[in-house]
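The block underneath contains the structure these notes are about, expressed in structure tokens.
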Amino acid sequence: ALCLFYAPLLMISGFTRNQLLYPVKRAVYIHGVYGDNGAYYAQLLPETLPEACSDYSFRTQGSFPAQDYHPSSFLTFYTDTAALEAYARFYAQLDCQRLVYNPEAEDGDQDNHHMEWFCGQMKLDQTLTEHMVLYWFDGRYPKGILLDEETGLVAVLT
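Set out below in structure tokens:
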């Protein structure tokens, strides 16, 4: 009886960091929030997490329906080089800009600005380096995928 009571509490309390719930949360976000438009977001969020996956976090953020309504999702985890390379090949095929951080760029550099904005939205506390690549989907609600070859970070903002 105690297990039946505490099991749901453990799932809910660790909802953001529980890797077992990723497929369910992804499906609810894609199909429940976006419905017929879900295919676009389905390609941005990995279908499954890689076997080598640590420090996982996936949270969604709703907003009240309004003119600028856009529910967002924030996925971060660390993985190995093989998975990073697979993600890089996949995202390079999509219609987006591939931005590499340039520490020597002048202030106001648009590519570096996008990377700084992305890291701010994702609340990443890492220092930007030339090992970071951002696949940037510009639009009314910018989206992106950051891959850090040095640390193994994968960060997805939709």
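Mapping to my numbering: the sequence shown position 49 is 44, numbers consecutive.
Here a beta-carbon is modelled for each residue, glycine too, at the ideal position from N, C-alpha and C.
Close beta carbons around residue i, own chain, < 7 Å, minus the five adjacent residues each side
{"i": "Arg12", "result": "Tyr51, Ser52"}
Beta bridge counterpart(s) of residue i as assigned by DSSP
{"i": "Leu142", "result": "Val128, Val149"}
{"i": "Thr43", "result": "In DSSP, Thr43 forms no bridge with anything."}
{"i": "Leu70", "result": "Phe53, Val151"}
Beta-carbon proximity of residue i to residue j, cut-off 8 Å
{"i": "Phe113", "j": "Gly147", "result": "no"}
{"i": "Leu119", "j": "Ala150", "result": "yes"}
{"i": "Cys48", "j": "Phe72", "result": "yes"}
Whole-angstrom C-beta distance between residue j and residue i, which should lie under 8 Å
{"i": "Thr153", "j": "Leu40", "result": "7 Å"}
{"i": "Tyr130", "j": "Leu89", "result": "7 Å"}
{"i": "Glu125", "j": "Asn97", "result": "7 Å"}
{"i": "Gln92", "j": "Asp133", "result": "7 Å"}
C-alpha gap between residue i and residue j, whole angstroms
{"i": "Asp143", "j": "Ala37", "result": "22 Å"}
{"i": "Pro66", "j": "Leu15", "result": "22 Å"}
{"i": "Gly103", "j": "Ala87", "result": "25 Å"}
{"i": "Tyr17", "j": "Gln56", "result": "15 Å"}
{"i": "Gly27", "j": "Tyr136", "result": "19 Å"}
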